Amino acid sequence: MIVQRNMTKYKVLIADDHENIRTVLRMTLEKDDYVVFEAKDGEEALLKFKDHEPDLLILDVVMPNLDGYSVCKRIRETSSVPILFLSSRQEEVDRIIGLESGGDDYIAKPFSPRELLLKISIIRRRTNGISIANQQLKSDTKNQESPSNNCFKKNQFILDFQQYCAFYKNEKINLTATEFEILKVLAATPQKIFSRDELMDFVYGNDIVVTDRTIDTHIKRLRQKFAKFEFNPIETAHGIGYRISV
3 MIVQRNMTKY KVLIADDHEN IRTVLRMTLE KDDYVVFEAK DGEEALLKFK
53 DHEPDLLILD VVMPNLDGYS VCKRIRETSS VPILFLSSRQ EEVDRIIGLE
103 SGGDDYIAKP FSPRELLLKI SIIRRRTNGI SIANQQLKSD TKNQESPSNN
153 CFKKNQFILD FQQYCAFYKN EKINLTATEF EILKVLAATP QKIFSRDELM
203 DFVYGNDIVV TDRTIDTHIK RLRQKFAKFE FNPIETAHGI GYRISV
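For the sequence shown, position 179 (counting from the first letter as 1) is numbered 181 according to this note's numbering, and the numbering increases by one without interruption.
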């Protein structure tokens with residue numbers, strides 16, 4: 003009997019100017035059944051991204067011919083593909099810069115293969131819409147503006163859970179997986195104010211450690227995406243946290 007299998011594998015592009023690091027990353031990922039492509043600098047990363055359309059990018063921060071932050075910004079002009087930064091810098095400011103440039107997460111060198119695979123697994127779970135928020139926020143309010151199974155609607159703002167994106171005034175707003183999850187958590191209970199700790203738990207889970215500023219940075223980026231409409235999708239409750247604009 004012939005067993006039919008899904009031949010579509012998760013594709014990862016690694017961009018790092020150190021060959022030994024690329025080799026370690028490739029061996030780790032291929033052992034876990036990922037398809038891996040490599041780039042030795044920023045410019046090659048952009049070319050390989052266009053050629054192979056990977057499902058995830060791992061970008062070293064310091065690279066010749068465009069650093070990781072610059073590559074990320076260029077990719078974010080057209081794509082919301084998940085991006086994981088890799089760097090020997092461990093200061094919080096570097097993490098913030100990475101998030102502000104459009105990254106989804108950050109891993110510091112040296113790292114363990116287990117940590118890398120865990121972060122990728124969490125990113126994949128968010129990208130596929132199988133997030134901790136989905137598991138824990140199962141009861142919606144009875145308000146008519148609460149989300150249905152497919153979307154959240156409020157006036158001209160729509161959060162589409164199937165397309166994993168947002169619309170405002172019928173224009174599509176491309177979101178990263180993390181940005182989408184933040185909006186989805188807030189939209190699940192529109193009247194609730196979520197503290198930063200709650201958002202961190204829902205979006206990242208207990209497997210990963212992030213700071214308050216990480217959430218603030220994602221929300222800042224979300225607001226920037228809606229700024230051209232003079233619309234702010236997230237309301238700040240000073241001293242408490244955030245909720246969806248209603």
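In this text, a Cβ means the ideal position worked out from N, Cα and C, and glycines have one as well. What you are looking at is a predicted structure, and each value in this text was computed from that prediction instead of being measured.
Here Ser-89 is buried, its C-beta having at least 16 other C-beta atoms within 10 Å. Secondary structure note for Val-37: it is in no alpha helix (DSSP H), and the uninterrupted beta strand (DSSP E) holding it is 37–41. Taking a cut-off of 8 Å on C-beta distances, the region 10–19 touches the region 46–62, as three or more cross pairs fall below it. Close CB contacts of Ile-125 within its chain, under the 7 Å cut and outside five residues either way in sequence, are with Leu-58, Pro-84, Leu-86, Asp-106, Asp-107 and Ala-179 (chain order). Taking all protein chains in view, the Cβ of Lys-230 is surrounded by fewer than 16 other Cβ atoms within 10 Å, so the residue is classified as exposed. In the assembly as shown, Glu-183 is a buried residue. Its beta-carbon has 16 or more other beta-carbons within 10 Å. With a beta-carbon spacing of about 6 Å, Phe-228 and Tyr-170 fall inside the 8 Å limit used to define contacts. Minimum Cα-Cα distance from Asp-35 among the listed residues Gln-193, Ile-122, Val-64 and Glu-79 corresponds to Ile-122. In the three-state DSSP reduction, Ser-89 falls in the strand class (E or B). Its chain contains Ala-17, Asp-18, Asp-19, Gly-70, Leu-88 and Ser-89 as the residues whose beta carbon lies nearer than 7 Å to that of Asp-62, once the 5 sequence neighbours on both sides are disregarded; these appear in chain order. Comparing alpha-carbon positions, the option among Ile-23, Asp-43 and Phe-159 lying closest to Phe-113 turns out to be Ile-23.
Straight across, the Cα-Cα distance linking Ile-236 with Glu-21 is about 43 Å. A check of alpha carbon separations from Pro-115 across Gly-241, Ala-239, Thr-25 and Glu-46 identifies Thr-25 as the nearest. By the neighbour-count criterion, in which 16 or more other beta carbons inside 10 Å mark a residue as buried, Gly-241 falls on the exposed side. The beta carbons of Arg-28 and Val-37 sit no closer together than 8 Å.
Here Ala-190 is buried: its Cβ has 16 or more other Cβ atoms, across all protein chains shown, within 10 Å.
In the three-state reduction of the DSSP assignment, Glu-55 falls in the coil class, being assigned neither a helical nor a strand state. Leu-201 places its beta carbon less than 8 Å from that of Val-187.
The residue among Lys-42, Ile-77 and Pro-56 with its C-alpha nearest the C-alpha of Pro-66 is Lys-42.
Straight-line spacing of the CA atoms in Glu-102 and Thr-10 works out to 31 Å. Rounded to the nearest angstrom, the gap between the Cα atoms of Lys-156 and Glu-173 is 15 Å. Taking a 10 Å sphere around the C-beta of Glu-46, we find 16 or more other C-beta atoms and assign the residue as buried.
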